[in-house]
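As given, the protein sequences belong to chains A and B, one line each in that order.
If you count the first sequence from 1, position 34 lands on 35 in the numbering used here, and the numbers rise without skipping.
If you count the second sequence from 1, position 87 lands on 280 in the numbering used here, and the numbers rise without skipping.
Report on the structure given below.
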Amino acid sequence: MKISELPGDEDSGLTCRTYVFQNESHTLGNALKCIINRYEDVDFCGYTVPHPAESKMHFRIQAREVPALEILKRGLKDLQKVCDHTIDLFEKEVKEYNRI
Amino acid sequence: MPRLDKKPRVMLDEFRVKNAPDDYGMADEKWSFKKFAKSFKIHIVRLDNTEMEFDLIGIQPAFANAFRRLMLSEVPSMAIEKVMIRNNTSIIQDEVLAHRLGLIPLKADPRLFEYKPEDAAEATEFDTLEFSLKVKCTNNKSQPKDSYRPEDLFENNCVYSSQMKWHPIGNQASVHKEADVGPVHGDILISKMRPGHELDLQLIAVKGIGKDHAKFSPVATASYRLLPDIRLTREVNGGEATLLQSCFSPGVIAIDEDGCARVAEPRYDTCSRNVYRYDEIKDAVELSRIRDHFIFNVESVGAMAPNIIFVEAVKILRDKCKSLLDELNTL
Chain A
2 MKISELPGDE DSGLTCRTYV FQNESHTLGN ALKCIINRYE DVDFCGYTVP
52 HPAESKMHFR IQAREVPALE ILKRGLKDLQ KVCDHTIDLF EKEVKEYNRI
Chain B
194 MPRLDKKPRV MLDEFRVKNA PDDYGMADEK WSFKKFAKSF KIHIVRLDNT
244 EMEFDLIGIQ PAFANAFRRL MLSEVPSMAI EKVMIRNNTS IIQDEVLAHR
294 LGLIPLKADP RLFEYKPEDA AEATEFDTLE FSLKVKCTNN KSQPKDSYRP
344 EDLFENNCVY SSQMKWHPIG NQASVHKEAD VGPVHGDILI SKMRPGHELD
394 LQLIAVKGIG KDHAKFSPVA TASYRLLPDI RLTREVNGGE ATLLQSCFSP
444 GVIAIDEDGC ARVAEPRYDT CSRNVYRYDE IKDAVELSRI RDHFIFNVES
494 VGAMAPNIIF VEAVKILRDK CKSLLDELNT L
């Protein structure tokens with residue numbers, strides 16, 4: 002399993018969670034944080050790589066109403082959309098460049 | 194004079210770097226994919242088989258940096274991973290030689306190969322390339338008289354990457370051509386030898402990523418910088434104009450026929466801020482960078498074209514999101 006949950010949020014409902022991503026780092030962490038931080042319904046979002054020698058990334062989400070899991074899923078979907086759009090646009094531009 | 198455009202800027206002052214007063218940062222605007230898709234632009238400036246320059250405009254620094262990091266350390270390529278040494282009587286030690294061989298860039302397209310499973314004992318035609326390097330240095334019998342040059346005295350005194358020989362595994366010979374899997378450059382010096390020295394090596398190349406070892410990185414460099422912007426706040430003439438021109442990279446400042454300085458090509462300025470050394474002209478310029486305009490420079494090692502490396506990098510991020518989403522959905 003690549004994702005697990007850090008204990009400690011049992012009393013705060015479903016809206017606050019810290020997820021641990023195995024084999025991920027700043028590449029995914031910062032890009033995902035950049036999206037989730039901008040959601041209207043998110044109070045706090047941050048990530049950390051606790052130790053440079055361990056390939057782990059902790060990802061914290063705090064919200065008031067929406068479950069943190071839903072927010073994480075939405076963030077990943079949005080990042081995926083950004084990637085798809087980037088690929089399409091880039092390939093279109095390369096085609097255009099090669100045509101000239 | 195207020196600026197007409199609404200580009201987010203960072204001002205390069207004499208002693209500090211500050212954000213423009215009307216710039217509240219790209220950090221607190223709300224996320225909307227529609228808005229992103231509308232403002233995001235890509236512009237290709239230069240593209241050939243090994244080098245590429247392109248602009249990503251209207252993108253968050255986090256994404257630009259993610260793409261750069263992915264190109265460097267997560268896009269796969271093929272490299273020599275294991276070296277079986279049957280004989281090495283040359284000066285260069287076994288482990289140093291093996292390391293040197295590992296760093297030789299290979300032309301093989303990593304998209305046509307699979308990662309070798311960690312527990313796999315046997316190499317298959319889908320995940321491994323096999324080469325051999327068998328060279329022996331001897332005295333040159335037909336050496337010209339009075340010559341002391343090693344290349345005249347000895348045969349094979351220099352071992353080059355072009356002397357590597359490919360041995361297809363299984364069906365590989367019908368799928369790949371020797372010219373498409375071997376070293377990118379044939380003139381890489383591997384070792385120097387003297388008569389009696391001999392190399393007999395078997396080289397095993399596999400697919401890997403730059404995170405594991407830099408030899409697997411498909412790019413020589415992948416970097417980005419922000420677009421510089423230079424504005425002249427007053428007219429600069431005569432001697433001051435030539436002084437101003439000398440403060441910037443060549444081609445950045447042009448001087449018109451009437452001796453008046455004009456900003457011609459701010460894109461290629463190094464933003465050295467040399468101009469602030471001269472009191473007489475430092476009030477005439479305003480240096481800044483556009484905060485959401487990233488100029489990417491990608492230099493391929495030779496296996497894949499740089500535009501393909503970028504697309505592969507973005508695909509890796511997309512597939513990461515996809516597999517994580519799949520995992521979360523089954524939770």
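Ideal Cβ placement from N, Cα and C applies to all residues, glycine included.
Put simply, the segment 419 to 426 of chain B touches the segment 476 to 483 of chain B. At least three CB pairs are less than 8 Å apart.
L249(B) and H59(A) have their C-alpha atoms some 29 Å from each other. The C-alpha of I501(B) lies about 49 Å from the C-alpha of Y341(B). By the Cβ rule, the segment 350 to 370 of chain B counts as touching the segment 319 to 326 of chain B, because three or more pairs are nearer than 8 Å. The beta-bridge partner set that DSSP reports for I448(B) consists of A454(B). Contacts between A407(B) and chain A, judged by CB atoms closer than 8 Å, are missing: the closest CB pair is about 16 Å apart. When the Cα atoms are used, Q23(A) and R279(B) turn out to be separated by approximately 40 Å. The C-beta separation of A496(B) from A301(B) comes to about 6 Å, placing the pair in contact by the 8 Å criterion. Looking at the backbone, the Cα of A255(B) and that of N364(B) are separated by about 44 Å. Counting only runs of 4+ residues, the alpha helix (DSSP H) found wholly inside the segment 216 to 278 of chain B occupies 226 to 232, 254 to 266, in chain order. I4(A) is the residue among I4(A), T16(A), F91(A) whose C-alpha sits nearest the C-alpha of L29(A).
Counting along the chain, the unbroken alpha helix (DSSP H) around T435(B) starts and ends at 431 to 439. If you look at S516(B), you'll find it in the alpha helix (DSSP H) that goes 499 to 522. At a cut-off of 8 Å between C-beta atoms, R100(A) does not count as an interface residue with respect to chain B. In this structure, the beta-carbon distance from G47(A) to R65(A) does not fall below 8 Å. The DSSP-derived three-state label of F409(B) is helix. Rounded to whole angstroms, the gap between the alpha carbons of K370(B) and Q253(B) is 42 Å. Judged by DSSP in its simplified three-state form, N490(B) adopts strand. Taking a contact as a CB-CB distance under 8 Å, the pair R293(B) and I235(B) does not count as one, their CB atoms being some 38 Å apart. The shortest CA-to-CA distance from G14(A) to any of K78(A), I88(A), P68(A), Y98(A) is the one to P68(A).
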